[in-house]
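Visitor: In our numbering, the protein residues as written are 6 to 818.
Glycine residues also receive a C-beta, built at the ideal position from the N, C-alpha and C atoms.
Can you read through this structure? Questions will come right after.
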């Protein structure tokens, strides 16, 4: 059952879904989508050949076939409509009617400037002292107005400037989150368009792209990353652990001498050992996957990596248990005695470590950001299930395989590696001073850098980008060659609120003269007025422009293409009804119910790929009060901005709460402030070293790897817990013995966790790679702190006799 549930898990790469549903930006975006539909995500078919007529014949051949594509188990076709031909004659004749008041004012100003310029040039005494500055400004205005004209009128056919590329956009009937739907749609679309192209033109080629394909490529890449990393990580961890215990078992049985017979026997038993540790862990992963499916149905980009992480982390518990058990068996204990001793000693340390790690992870559930909360829940449950598997299933397998002879963990009584090691930890004082000096440098360099540029955390899909660039010859650029910025939308309750919203946003824009992020605010009703008085106002302004163009002698002499366009666009002399508006244009104005939408469109003046600018724009278009209603603009960029703001606000609290939980559990475990402090100090030192390393190597925190910081606190504390537990158990003077035994197991456990996270270093996705990199550094530095700083500190405490470890339990008995 767990296997079936876990197999149903899917990855949702949409970062917008990581915010709580009660966030204003999320609610605004949901309202926008509910009002106007699912957005402009479409499948794009680019047809490329030297002949426009050939491209046109091909388009008209495949359009009906594509619109008829349908899966057998679906009631509706894959695609509901296509963007292809537009009858632009109506728009060319009435373009000024669809201009806003501000745009009409710009045209009026431009014409006045043209008249003034012509008058000056006609004056025989005029000398242009300032050169071409005024003329250049007028030319710039003309170019801007031409761009505006082309945006309003649009193209008759979706073709590139040289007419060699035509792009058809097919809009799907299904949701972009249904990956199976997208896969089937593109598969059938590709079969449909790959007909005999030579009969249209010998040089014709067809390229598939579009936002839907980008979504599909992203999900497939993440899945491939996760599965390949998981496979490589699991294989590496199991091989690493198997070789380690093979070496330990051979050395214990051979007693320091070479024996091909013993080596052969241990080589045959090595897969059994890997099975004993690996099977319980894989069982716990399936249980965790089932729990994740029941709780969330989908994994997000951050929780998608947890399978590999939990394998590397969970095997740590198995290493400690198995290693201590083999030590006890090697010392001559029976199976039952070895189990009892292992449970009493190492089992307790494992349990405390797991509870500490799980508690630290569960703290993340308090976060509003789902990247934190879902990661904390799944990882915390996974750690607890790994504990159950390693302390219940694995001991049963050990006993069974020892009884059947598949494992033989009883070694020679006097094997040299089990002799007690005495001595002092060397250079304790110097190591402490050097460690604390590194800590001081780390504190001085705080806080660490944060990556605000979204683009640096997104993968570069080279093959897809080549296809996208073909489509961009037609879509995605204005006539000036600049990329369009994504606007934000506000859906007003009624038309009365539209003017108040626009006026409020314009006041914000004008009042902030240095850092306003708002470029322009417009309403659809300005482009297509409904009230008679507004219709008459617009018609009067157009009439004045028409008269000026027809009667002014300077303008009459201008026969340029642009001026001819203006004359044609100013011919509207009566209000346009909705029935006269072409269907392609009406779609931009109406809601899903067919009514004219009450939309306020806010265009940003800054690029929103930088999270800081995106957050500033979000601040400018949020919390706009009109009467008793407060509005917030909606767009995916604003949701992303809120996501980063929420993460930055919650991350320090998550780290602080996690540390408090870890400290509290240490005190509960040791019942002593001194011993709890000794166990937790290497964690503090190790985390500060981690921050020092990322500063020295210019590694930045980001909205992906921030989740690692609380996780490192929970995971990195295990090493200190195990070493302090074993040191107290062994007694004074046992630091080297503790390092030789438990320290070796701690190193192995941490290395397997590092390998687990390290699998993400192979990831193509920069965000996933950053998770692996920060985790590897953090677990590595906490391990070094536990193996170097903690023993030095214990030796210093022992030398000063400020704290004495408890006597060995065996001796006390």
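Taking three-plus beta-carbon pairs below 8 Å as touching, is the segment 747–759 in contact with the segment 691–701?
Guide: No contact exists between the segment 747–759 and the segment 691–701.
Visitor: Below 7 Å CB to CB, which residues in the same chain sit around residue 449 once its five sequence neighbours on both sides are set aside?
Guide: Taking the chain shown and counting its residues from 1, one reaches residue 449 at position 444. For residue 449, where only same-chain residues beyond five positions count, there are no Cβ hits under 7 Å.
Visitor: Can you name the start and end residues of the alpha helix (DSSP H) that residue 606 belongs to?
Guide: For the purposes of this step, residue 606 is identified with residue 601 of the chain shown, where counting begins at 1. Not the alpha helix (DSSP H): residue 606 falls in the beta strand (DSSP E), residues 604–609.
Visitor: Measure from the alpha carbon of residue 634 to the alpha carbon of each residue in 617, 25, 600 and 505, then state which is nearest.
Guide: For the purposes of this step, residue 634 is taken as the residue at position 629 of the chain shown. For residue 634, the nearest C-alpha among the options comes from 505.
Visitor: Taking all protein chains shown into account, do 16 or more other C-beta atoms lie within 10 angstroms of the C-beta of residue 265, making it buried, or fewer, making it exposed?
Guide: Within the chain shown, the letter at position 260 stands for residue 265. Burial call: exposed.
Visitor: Reducing DSSP to helix, strand and coil, say where residue 210 ends up.
Guide: Looking up residue 210 in the chain shown gives position 205. It is a strand residue.
Visitor: Determine the direct distance from the alpha carbon of residue 567 to that of residue 586, and round the result to whole angstroms.
Guide: Walking along the chain shown from the start, residue 586 turns up at place 581. Walking along the chain shown from the start, residue 567 turns up at place 562. One C-alpha to the other measures close to 24 Å.
Visitor: Out of 39, 699, 538 and 120, state which residue places its alpha-carbon closest to the alpha-carbon of residue 451.
Guide: Working through the chain shown from its first residue, we reach residue 451 at position 446. Ranking the options by Cα distance to residue 451, first place goes to 699.
Visitor: Using the Cα positions of residue 281 and residue 395, report the straight-line distance between them to the nearest angstrom.
Guide: Translated into positions along the chain shown, residue 281 becomes position 276. Translated into positions along the chain shown, residue 395 becomes position 390. Approximately 9 Å between the Cα atoms of the pair.
Visitor: To which residues of the same chain is residue 16 closer than 8 Å at the C-beta, ignoring the five residues directly before and after it?
Guide: Taking the first residue of the chain shown as position 1, residue 16 is located at position 11. So the qualifying residues of the chain are 224, 227, 228, 231, 303, 304, 305, 306 and 309.
Visitor: Of the residues 368, 48, 169 and 346, which one's Cα is nearest the Cα of residue 210?
Guide: Position 205 of the chain shown, counting from 1, holds the residue named residue 210. Taking only the C-alpha atoms, the option nearest residue 210 is 169.
Visitor: Can you tell me the Cα-Cα spacing of residue 293 and residue 461, whole angstroms?
Guide: Residue mapping note: residue 293 aligns to position 288 of the chain shown, counting from 1. Residue mapping note: residue 461 aligns to position 456 of the chain shown, counting from 1. So the alpha carbons of these two residues sit roughly 32 Å apart.
Visitor: Whose C-beta lies closer than 8 Å to the C-beta of residue 364 among residues of the same chain, with five residues either side of it excluded?
Guide: Within the chain shown, residue 364 is the residue found at index 359, counting from 1. The residues are 385, 666, 667, 670 and 719.
Visitor: I'd like the span of the alpha helix (DSSP H) that includes residue 293, first residue to last.
Guide: Residue mapping note: residue 293 aligns to position 288 of the chain shown, counting from 1. Taken as a continuous stretch (DSSP letters only), the alpha helix (DSSP H) holding residue 293 covers 265–301.
Visitor: Which class does residue 613 belong to by DSSP, given the choice of helix, strand or coil?
Guide: Against the chain shown, residue 613 aligns to sequence position 608. Here residue 613 sits in coil by DSSP.
Visitor: Helix, strand or coil for residue 176, going by three-state DSSP, please let me know.
Guide: Position 171 of the chain shown, counting from 1, holds the residue named residue 176. If DSSP states are grouped into helix, strand and coil, residue 176 belongs with the strands.
Visitor: What residue ranges within the segment 67–124 form continuous beta strand (DSSP E) runs of no fewer than 3 residues, ordered along the chain?
Guide: Complete beta strand (DSSP E) runs here, min 3: 84–88.
Visitor: Runs of 3 residues minimum, wholly inside the segment 634–712: which ones carry the beta strand (DSSP E) assignment?
Guide: Within the segment 634–712, the complete beta strand (DSSP E) runs of at least 3 residues are 634–636.
Visitor: Using a 10 Å radius around the Cβ and a threshold of 16 neighbouring Cβ atoms, would you call residue 300 buried or exposed?
Guide: The sequence position of residue 300 within the chain shown is 295, counting from 1. Classification of residue 300: exposed, given that the 10 Å Cβ count is below 16.
Visitor: Among the candidates 584, 591 and 457, whose CA atom is the shortest distance from the CA of residue 616?
Guide: By one-based count along the chain shown, residue 616 stands at place 611. Nearest C-alpha to residue 616: 457.
Visitor: Taking residue 765 as the reference, which of 39, 187, 311 and 726 has the closest Cα?
Guide: Reading the chain shown from its first residue, position 760 is the one you call residue 765. Minimum Cα distance to residue 765 is reached at 311.
Visitor: Does the distance from the CB of residue 761 to the CB of residue 317 come in under 7 Å?
Guide: Within the chain shown, the letter at position 756 stands for residue 761. Within the chain shown, the letter at position 312 stands for residue 317. Yes; because the gap between Cβ atoms is below 7 Å, this pair is in contact.
Visitor: Where in the segment 304–353 do unbroken runs of the alpha helix (DSSP H), each at least 4 residues long, occur, reported from the N-terminal end onward?
Guide: DSSP runs (the alpha helix (DSSP H)) wholly in the segment 304–353: 311–335 and 340–347.
Visitor: May I ask you to report which of helix, strand or coil DSSP gives residue 559?
Guide: Position 554 of the chain shown, counting from 1, holds the residue named residue 559. In this structure, residue 559 counts as helix in the three-state DSSP scheme.
Visitor: Within the continuous beta strand (DSSP E) that includes residue 494, where are the two ends?
Guide: For the purposes of this step, residue 494 is identified with residue 489 of the chain shown, where counting begins at 1. Per DSSP, residue 494 belongs to the beta strand (DSSP E) from 493–496.
Visitor: Taking 7 Å as the threshold (C-beta atoms), are residue 313 and residue 235 in contact?
Guide: Counting from one through the chain shown, the residue named residue 235 turns up at place 230. Counting from one through the chain shown, the residue named residue 313 turns up at place 308. Contact flag set, yes.
Visitor: In three-state DSSP terms, what is residue 789?
Guide: Residue mapping note: residue 789 aligns to position 784 of the chain shown, counting from 1. It is helical.
Visitor: Label residue 499 either buried or exposed according to how many other C-beta atoms from any shown protein chain fall within 10 Å of its C-beta, with 16 as the threshold for buried.
Guide: Sequence index remark: in the chain shown, residue 499 carries index 494 (1-based). Exposed, because fewer than 16 other Cβ atoms sit within 10 Å of the Cβ of residue 499.
Visitor: So, using beta-carbon positions, are residue 214 and residue 83 closer together than 7 Å?
Guide: Counting from 1 along the chain shown, the entry for residue 214 is found at position 209. Counting from 1 along the chain shown, the entry for residue 83 is found at position 78. For residue 214 and residue 83, no; Cβs fall outside 7 Å.
Visitor: Does the beta-carbon of residue 673 have 16 or more other beta-carbons within 10 angstroms, so that it is buried, or is it exposed?
Guide: Here residue 673 is taken as the residue at index 668 of the chain shown, counted from 1. Residue 673 is exposed by the Cβ-count criterion.
Visitor: Can you round the beta-carbon distance between residue 475 and residue 53 to whole angstroms, since I take them to be within the 8 Å contact cut?
Guide: As a working note, residue 475 is residue 470 in the chain shown. As a working note, residue 53 is residue 48 in the chain shown. Contact holds; Cβ gap of about 7 Å.
Visitor: Can the beta-carbon of residue 551 be found less than 7 Å from the beta-carbon of residue 575?
Guide: For the purposes of this step, residue 551 is taken as residue 546 along the chain shown, with counting starting at 1. For the purposes of this step, residue 575 is taken as residue 570 along the chain shown, with counting starting at 1. It is a contact, given that the beta carbons lie within the stated cut-off.
Visitor: Taking the alpha helix (DSSP H) that residue 570 belongs to, which residues open and close that run?
Guide: Residue mapping note: residue 570 aligns to position 565 of the chain shown, counting from 1. 566–574 is the span of the alpha helix (DSSP H), which, as asked, contains residue 570.
Visitor: When you compare each of 239, 503, 220 and 610 to residue 473 by their alpha carbons, which one comes out closest?
Guide: The count along the chain shown starts at 1 and reaches residue 473 at position 468. Nearest of 239, 503, 220 and 610 to residue 473, Cα basis: 220.
Visitor: Roughly how many angstroms lie between the CA atoms of residue 174 and residue 513, to the nearest whole one?
Guide: The count along the chain shown starts at 1 and reaches residue 174 at position 169. The count along the chain shown starts at 1 and reaches residue 513 at position 508. Roughly 37 Å between the two C-alpha positions.
Visitor: Can you say whether residue 203 is buried or exposed, counting buried as having 16 or more other CB atoms within 10 angstroms of its CB?
Guide: Sequence index remark: in the chain shown, residue 203 carries index 198 (1-based). Result: exposed.
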